[in-house]
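So the protein lines, in turn, are chains V and B. Sequence positions in the first sequence follow this note's numbering and run 1 to 621. Sequence positions in the second sequence follow this note's numbering and run 1 to 223.
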Amino acid sequence: MDQFSDRIEALLERVQKAPRYTGGEMNTAVKPWDSVKLRYGFCFPDTYEVGMSHLGMKILYGLVNREPDQVCERFFMPWTDMKELMEQEDVPLFSMESRHALYDFDMIGFTLQYEMSYTNILAMLKLGRVSVRSADRGRDEPVVVAGGPCAFNPEPLADFIDAFMIGDGEEVTLQVTAAVRDWKPTGAPRRALLETLARIPGVYVPAFYDVKYNADGTVASVTPNCEAAPERVRKCVVTDLDSAYYPRAFPVPYTEVVFDRIMLEIMRGCTRGCRFCQAGMLYRPVRERSLETLRSLAMDLERATGYEEISLSSLSSGDYSCLPELIRALMKDMERERVSISLPSLRIDSVLKESLEETQKVRKTSLTFAPEAGTQRLRDVINKGVTEADLIEKVTDAFSSGWSSVKLYFMIGLPTETDEDLDGIADLAQKVVRCYFSVPKDKRAKGLRVTVSASSFVPKPVTPFQWCGQDTQESLKRKQAYLKEKLRAVKGVNFNYHTPELSYLEACFSRGDRRLGRVLEAAAARGCMLDGWSDLFSFENWMAAFADAGLDPDWYAYRTCGKDEVLPWEHIDSGIDRRFLRREYDRAQRAEVTRDCRQGCNGCGLQRWKGVCACADAGHV
Amino acid sequence: MRMLATFEKSERLRHIGHLDIMRAMQRALRRSGLPVAYSNGFNPHILLSFASALPVGAAGTCEVMETAMAEDVAPEDFLRRMNAALPPEMQLSGARAVDDRHPALMSLVRAARYEIRIRDAEAAEAIRTALPAYLEQAEIVTDRKTKSGIKPIDIRPLIHELTMDGGVLRTELALTETLSCKPSMLLKTLGECAGIGEPRALVVRTRLLGEDADGRLVPVEEL
Ligand code: SF4
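Shown next as structure tokens:
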């Protein structure tokens, strides 16, 4: 702490938002540096406010710190003003807890939540004085690992990360930290450790795989070059979520962060099978925590944090098997503490009127609905099992129960989309507005606000749309302008959309291959970082970086992949069968829906893994 | 019942704003399991007030707060449970039960003592040299931000005491709801007098003072 503390304190006088860097929050672990055998630096490649809102970080932070011989400390990406000062004053990236430099840690781990954080990883390594390329790291440098949803296509980061952890992190993280801890004092070379890691199920060591390319630039093969590395790396699955580790205390930031409340993960996975949704595929199968576990977690978390709000978190909270009971029980347990309960991701076909009325007693925020597409045909294409009648019914319920603010989420640029589908969006918005006015004036809340958000579709690995090229930027811009014009006519509606440039780059990296590491290096050299922040995002620099690397971004973003093409990430085994994805792709072209797999297994592939999906036991296969 | 307590805002937390510290204290009260009292009304909140808002950038070793309990609590228990619920950077140092007629803390504050460490040795030397001349001035006029714009203020009568010890200034400055000398005003004028501009410094408030029955300034928490 003392090595840099004075210099850090002096920097804090000169930066904006100094509280981002102060640390010292409630429930942050400071273990004596020399009392542990393994020091793990958890890095969130974005700002403090974003990182501190992230549930996965809280889980892993608690998990590692529970080990008596290990410590986990946090790192975030500093804002540009701080970063510049640190470079000027020769202060390395330091941890929030003990203010040790990144290079002092035995192991550092990045969580990969979105592609546009990749340059931050390079920037953080550099600022932390850790060799950016895996191949350049010496025996005493930290072992650099990464996990999270984007690890399912680890290839663009293959040059920089020593080992990826694929899938649920609760168990594999401790296997990896233990391996590093045990290797450290042995004096064995780095390669020996990497071989040990490659033998841990769910760990992918990219250096142990050779990638060959075809003349047309597509991947010809990915093959292990080391006996320790498996052909395919199978994702980790925590089969019993109820007994899996979940923290009973969270760090409590002083300043307001994006999600400043208790997050209670009630279930993991989703059975609905929306064809654009990567999380829906990656986190299969569905696993729930029991009501009793959740009540006990909620009570402990409330006592440990003092938060005023709990949000139930999952991909599809409405699908939790006993949601009304859970909400009722939590409300009763938390009455004395005056804790409010919020459901962030309501799906319009699963919102029970009953729970609506109960949450409303506590807090009346804006309600969110995600029809995703404007016509039934396109909703069938994407397998979003939501009908207009559903939406209208739920929205009417909401308006008559006192809500006046509704957010509608859509995607544009979806496969097979035409202008008719865009008209459908405007039409739905219009109908929602009419719903509001159909509720008698004395029964509805004042101040109607309908927000229509249209994001641009990005094809993602391990989804039925993984083969689809992205809609072009010109086309997306035209569609945005078209919708804007259409929605201008609808009173009470706000229209939100983003420039398609960011989505275009996301598409490049989400389906990208190993060669994109060169683009990341070039982009970092051109100063690209914090790209998720529109004020810092420079599309020109990114285009120049592609040119530097001699790669064509259009090829990555717009290309429709061949049916039999080897996709760059297929040596990572998500459990989802490529044939299932292809079947779903074909059904999408015909606008055929596929049932929710709680109604019967659709054979996504996980049924092949023993004891993983409950459907096998239920005999649904 | 009301509970009066003194607490630290450590040097590490000095950039955390007043409202954020308030919220952190409220959450600590919630964590403590003590029978905290909530306000009535639509949006109930914990009853908590601080004797004086500490400026962003300043630390405090003996800040004073007051909160209400729904049931009687022994001050020792309050202290113990709160310290278990607070991070090491924000510990309480004392607590005292007061009855409901006790005046609002904010109205009691008259002055505050500070220790101001000048970060740069050369600047400290220049200030030490300039100090006698600075104090000899009949008036020291500087700017004060008010709701109706920037106004001049003479801070000389508001400086009760000012000495220097090594690189550290020790001072007592008037602090009331209507008339105060902020440490930044002192530093700015002192820097100007020494011909170096406002020096970079660490400001630590060490005491909040109020007036006892005999008109003497004593720590607010003892009133
Ligand atoms: S194996 Fe069957 S039931 Fe299980 S997630 Fe896949 S499709 Fe659904």
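For glycine and all other residues, C-beta sits at the position ideal for the given N, C-alpha and C. Here the structure is a predicted model, which means the values were calculated and not measured.
Interface partners of residue i on chain B, CB under 8 Å
| i | result |
| --- | --- |
| residue 252 of chain V | 24, 27 |
Coil, strand or helix - residue i by DSSP
| i | result |
| --- | --- |
| residue 348 of chain V | At residue 348 of chain V the pLDDT is 38, less than 50, meaning the model places this residue with poor confidence; the figure from the coordinates comes in the next sentence. Of the three classes helix, strand and coil, the one that applies to residue 348 of chain V here is coil, per DSSP. |
| residue 72 of chain V | strand |
| residue 360 of chain V | A caution first: residue 360 of chain V carries a pLDDT of 46, below 50, which makes its placement in the model unreliable, though a value can still be read off. Helix. |
| residue 191 of chain B | helix |
| residue 151 of chain B | strand |
| residue 452 of chain V | strand |
| residue 120 of chain V | helix |
| residue 572 of chain V | strand |
| residue 170 of chain B | strand |
| residue 434 of chain V | helix |
| residue 37 of chain V | coil |
| residue 44 of chain V | strand |
| residue 216 of chain B | coil |
| residue 105 of chain V | coil |
| residue 210 of chain B | strand |
| residue 29 of chain V | coil |
| residue 309 of chain V | strand |
Within-9 Å CB hit, residue i to chain B
| i | result |
| --- | --- |
| residue 307 of chain V | yes |
| residue 18 of chain V | yes |
| residue 591 of chain V | no |
| residue 26 of chain V | yes |
| residue 195 of chain V | no |
| residue 89 of chain V | no |
| residue 9 of chain V | yes |
For residue i, the nearest candidate out of the options (CA to CA)
| i | options | result |
| --- | --- | --- |
| residue 648 of chain V | V:137, V:614, V:128 | Since the first residue of chain V shown is 1 and the last is 621, residue 648 of chain V is not available in this structure. |
| residue 585 of chain V | V:561, V:99, V:606, V:284 | V:561 |
| residue 290 of chain V | V:302, V:271, V:267 | V:267 |
| residue 524 of chain V | V:116, V:106, V:294, V:141 | V:116 |
| residue 623 of chain V | V:124, V:70, V:33, V:153 | Within the shown structure, residues of chain V are numbered from 1 to 621, placing residue 623 of chain V beyond reach of any answer. |
| residue 175 of chain B | B:190, B:195, B:210 | B:210 |
| residue 241 of chain V | V:256, V:294, V:252 | V:294 |
| residue 80 of chain B | B:92, B:69, B:70 | B:92 |
| residue 92 of chain V | V:101, V:84, V:85 | V:101 |
| residue 31 of chain B | V:337, V:164, V:416, V:579 | V:337 |
| residue 498 of chain V | V:212, V:534, V:595, V:528 | V:534 |
| residue 455 of chain V | V:409, V:485, V:222 | V:409 |
| residue 210 of chain V | V:526, V:270, V:515, V:532 | V:515 |
| residue 443 of chain V | V:177, V:593, V:398 | V:398 |
| residue 529 of chain V | V:201, V:118, V:206 | V:118 |
| residue 304 of chain V | V:248, V:29, V:513, V:459 | V:248 |
| residue 133 of chain B | B:89, B:54, B:194, B:90 | B:194 |
Chain-ordered neighbours of residue i on chain V, where CB pairs are closer than 8 Å
| i | result |
| --- | --- |
| residue 44 of chain B | 338 |
| residue 15 of chain B | 12, 18, 19, 22 |
Residue-level contact to chain V via CB, residue i, 9 Å cutoff
| i | result |
| --- | --- |
| residue 21 of chain B | yes |
| residue 219 of chain B | no |
| residue 11 of chain B | yes |
| residue 167 of chain B | no |
| residue 57 of chain B | yes |
Partner residues on chain V for residue i, Cβ-Cβ distance less than 9 Å
| i | result |
| --- | --- |
| residue 33 of chain B | 303 |
Within chain V, the residues that residue i reaches when beta carbons sit closer than 7 Å
| i | result |
| --- | --- |
| residue 87 of chain B | 24, 25, 26 |
| residue 117 of chain B | Result: empty, since nearest Cβ-Cβ is about 11 Å, beyond 7 Å. |
| residue 30 of chain B | 306, 337 |
| residue 200 of chain B | 13 |
Chain-ordered neighbours of residue i on chain B, where CB pairs are closer than 9 Å
| i | result |
| --- | --- |
| residue 47 of chain V | Those within 9 Å of residue 47 of chain V in chain B number zero; the least Cβ separation is about 16 Å. |
Within chain D, partners of residue i - CB distance below 9 Å
| i | result |
| --- | --- |
| residue 38 of chain B | The chain labelled as chain D is not found among the protein chains of the depicted structure, namely V and B. |
>> Please identify, using Cβ separations under 7 Å, the residues of the region 232-257 of chain V that lie next to chain B, in order along the chain.
In response: Residues 252, 254, 255.
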